[in-house]
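Below is one structure, written out as structure tokens, with a few remarks after it.
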Amino acid sequence: MLTALVNGLRTAPRPELKGVCPGCGQQAIPKCGEQVAWHWSHKGRKHCDPWWENETDWHRAWKTCFDINLQEVVQKDAATGEMHIADVKTQIGTVLEFQNSPMDLEEMRSRENFYRNMVWIVNASTFRQNLQIGNVRLPAPSASFLSDVLLMAPIGFFRPSTFTPGLNLQLLHRMEEIQAEIDAHHIGHFTLEWKRAREVWLSAKCPVFLDTGYSLLELAKYPCGSRQLGARRVQFHDFIRLHGGRVSHMMSTTRGWIQA
Ligand SMILES: [Zn+2]
């Protein structure tokens with residue numbers, strides 16, 4: 008953890024401090040070594056939030072881009088008493104969850120249901136070689152003309168409204184027929200090829216950004232029963248600024264943008 012309560016105040020770790028976990032009040036012990044970033048260690052073998060994953064410098068670099076009051080924010084469901092700690096909760100109430108390890112579908116859905124207004128940032132450094140952005144332009148997934156377009160880029164597209172029930176053979180239209188609409192609604196998305204795709208992230212309802220280490224790839228999923236996958240590249244600085252943070256020293260050094 009990066010924050011613990013010291014005399015009731017959210018505080019970053021320092022060697023001489025004694026703190027408590029903001030979630031459960033258990034003792035938090037400052038770990039201020041040279042190998043990993045300074046952090047608090049939760050007393051007891053298990054963290055009080057069952058969704059808490061083993062925190063790495065990747066998590067810490069991201070969290071430090073946001074004000075300490077926006078990091079590790081306790082969220083409680085008033086009706087059920089269920090408690091979780093959001094990695095970051097921005098000033099306008101969007102939860103940012105930084106996910107390093109693989110996650111199963113059930114947990115992903117529970118978290119989306121619990122936080123509702125949230126964004127996933129997934130560490131893709133171990134599978135970025137499986138991701139390939141193509142050069143076929145795609146429209147914004149929200150474009151209204153897609154309500155009757157089943158994209159199969161770059162091959163073409165189908166018009167579900169013309170499907171004849173019971174007929175397996177349907178007319179495949181050429182992309183050129185909707186190229187003008189695609190261009191009018193293009194906001195940076197291109198086809199994405201994802202070998203051995205992690206299905207859990209394709210099923211997410213909330214926005215998913217894959218952190219390749221070089222930039223973020225915002226996944227785009229297309230409506231109308233489509234399996235078309237797209238993505239647009241988003242620069243770290245832009246993403247962080249958009250959510251009210253600024254690139255931290257730790258983010259810069261762990262990414263090699265500046266020398267430590
Ligand atoms: Zn706790």
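Throughout the sequence shown, residue numbering follows the working numbering, covering 8 to 267 in sequence.
Glycine included, each C-beta is placed from N, C-alpha and C at the ideal position.
Opposite Trp201 in the DSSP bridges: which residues? Numbered from 1 along the sequence shown, position 194 holds the residue referred to as residue 201. Looking at the DSSP assignment, Trp201 forms a beta bridge with Leu138.
Selected residue, minimal CA-CA separation from Thr97, among Gly263, Gly252 and Pro167: Here residue 97 corresponds to residue number 90 of the sequence shown, with the count starting at 1. Per the Cα distances, Gly252.
Candidates Glu60, His250 and Asp218, of which the one nearest Arg239 by Cα: In the sequence shown, counting from the first residue as 1, residue 239 sits at position 232. Nearest of Glu60, His250 and Asp218 to Arg239, Cα basis: Asp218.
How many angstroms separate the CA atom of Gln139 from the CA atom of Val13? Reading the sequence shown from its first residue, position 132 is the one you call residue 139. Reading the sequence shown from its first residue, position 6 is the one you call residue 13. Distance between the alpha carbons of Gln139 and Val13 is about 46 Å.
When Glu62, Ala19 and Cys72 are compared against Met245, the one with the closest alpha-carbon: Looking up residue 245 in the sequence shown gives position 238. The amino acid at residue 245 is misidentified as Met; the sequence shows Asp. That would be Cys72, whose Cα lies nearest to the Cα of Asp245.
Excluding the 5 residues flanking Val143 on each side, which residues of the same chain have their C-beta closer than 7 Å to its C-beta? On the sequence shown, position 136 is the one that residue 143 refers to. Here the set comprises Ala160, Pro161, Phe197 and Thr198.
Option in Leu236, Ala187 and Phe243 with minimal Cα separation from Thr222: Taking the sequence shown and counting its residues from 1, one reaches residue 222 at position 215. Thr is not the amino acid found at residue 222; the sequence shown has Ser there. The shortest C-alpha separation from Ser222 is found at Phe243.
Asp64 and Val43: beta carbons closer than 8 Å? Residue numbering aside, residue 64 sits at position 57 when the sequence shown is read from its first letter. Residue numbering aside, residue 43 sits at position 36 when the sequence shown is read from its first letter. Result yes, Cβ atoms of Asp64 and Val43 sit closer than 8 Å.
So does His91 have its beta carbon nearer than 7 Å to some heavy atom of ligand 2? Of the ligands one can find in the structure shown, namely ligand 1, none is ligand 2.
Gln78 CB to nearest heavy atom of ligand 1 below 7 Å: Against the sequence shown, residue 78 aligns to sequence position 71. No - ligand 1 has no heavy atom lying nearer than 7 Å to the Cβ of Gln78.
Could you give the distance in angstroms between the alpha-carbon of Met85 and the alpha-carbon of Thr171? On the sequence shown, position 78 is the one that residue 85 refers to. On the sequence shown, position 164 is the one that residue 171 refers to. Note on residue identity: the sequence assigns Ala, not Met, to residue 85. Near 50 Å, if we compare the C-alpha coordinates of Thr171 and Ala85.
Can you give the Cα-Cα distance for Val129 and His66, rounded to whole angstroms? In the sequence shown, the residue the question calls residue 129 occupies position 122. In the sequence shown, the residue the question calls residue 66 occupies position 59. When rounded, the distance between both Cα atoms is 10 Å.
Alpha carbon of Val182 to alpha carbon of Met110, nearest angstrom: As a first step, residue 182 is located in the sequence shown; it is residue number 175 there, counting from the start. As a first step, residue 110 is located in the sequence shown; it is residue number 103 there, counting from the start. The question names Val, but residue 182 in the sequence shown is Met. Roughly 36 Å between the two C-alpha positions.
Best match in Lys228, Trp127 and Phe165 for proximity to Trp201 [C-alpha to C-alpha]: As a working mapping, residue 201 is identified with position 194 in the sequence shown. The shortest Cα separation from Trp201 among Lys228, Trp127 and Phe165 belongs to Lys228.
Taking the alpha carbon of Asn107 as the point to measure from, which residue in Asp94, Gly195, Gly100 and Glu119 has its own alpha carbon closest? In the sequence shown, residue 107 corresponds to position 100, counting from 1. If we check each option's Cα against that of Asn107, Asp94 comes out closest.
Measuring from the CB of Ala33, is there a heavy atom of ligand 1 at a distance below 7 Å? The residue you call residue 33 lines up with position 26 of the sequence shown. The question names Ala, yet the displayed sequence has Gln at residue 33. Yes, the beta carbon of Gln33 sits closer than 7 Å to at least one heavy atom of ligand 1.
What did DSSP end up calling Trp65 once you bin it into helix, strand or coil? Taking the first residue of the sequence shown as 1, we reach residue 65 at position 58. Of the three classes helix, strand and coil, the one that applies to Trp65 here is helix, per DSSP.
At a cut-off of 7 Å, is Cys213 close to ligand 1 when judged by its beta-carbon and the heavy atoms of the ligand? As a position in the sequence shown, residue 213 is number 206, starting the count at 1. Cys213: no, Cβ never under 7 Å from ligand 1.
Does Gln34 come out as helix, strand or coil in the three-state DSSP assignment? Here the question's residue 34 lines up with position 27 in the sequence shown. The answer is strand: DSSP assigns Gln34 an E or B state.
Thinking C-beta only, is Pro37 closer than 8 Å to Leu24? Translated into positions along the sequence shown, residue 24 becomes position 17. Translated into positions along the sequence shown, residue 37 becomes position 30. Yes, the Cβ-Cβ distance between Leu24 and Pro37 is below 8 Å.
On the three-state DSSP scale, how would you describe Ala187? Looking up residue 187 in the sequence shown gives position 180. Here Ala187 sits in helix by DSSP.
Answer yes or no: the CB of Cys28 versus the heavy atoms of ligand 1, is any distance below 7 Å? As a first step, residue 28 must be located in the sequence shown, where it is residue number 21. At least one heavy atom of ligand 1 is nearer than 7 Å to the Cβ of Cys28, so yes.
Does the beta-carbon of Thr133 have 16 or more other beta-carbons within 10 angstroms, so that it is buried, or is it exposed? Numbered from its first residue, the sequence shown carries residue 133 at position 126. So Thr133 counts as exposed.
Same chain, Cβ closer than 7 Å to Asn137, neighbours up to 5 away in sequence not counted: Along the sequence shown, read from residue 1 onward, the residue named residue 137 stands at position 130. The residues are Trp201, Lys202 and Arg203.
Counting beta carbon pairs with one atom in the stretch 111-128 and one in the stretch 206-215, are three or more of them shorter than 8 Å? yes
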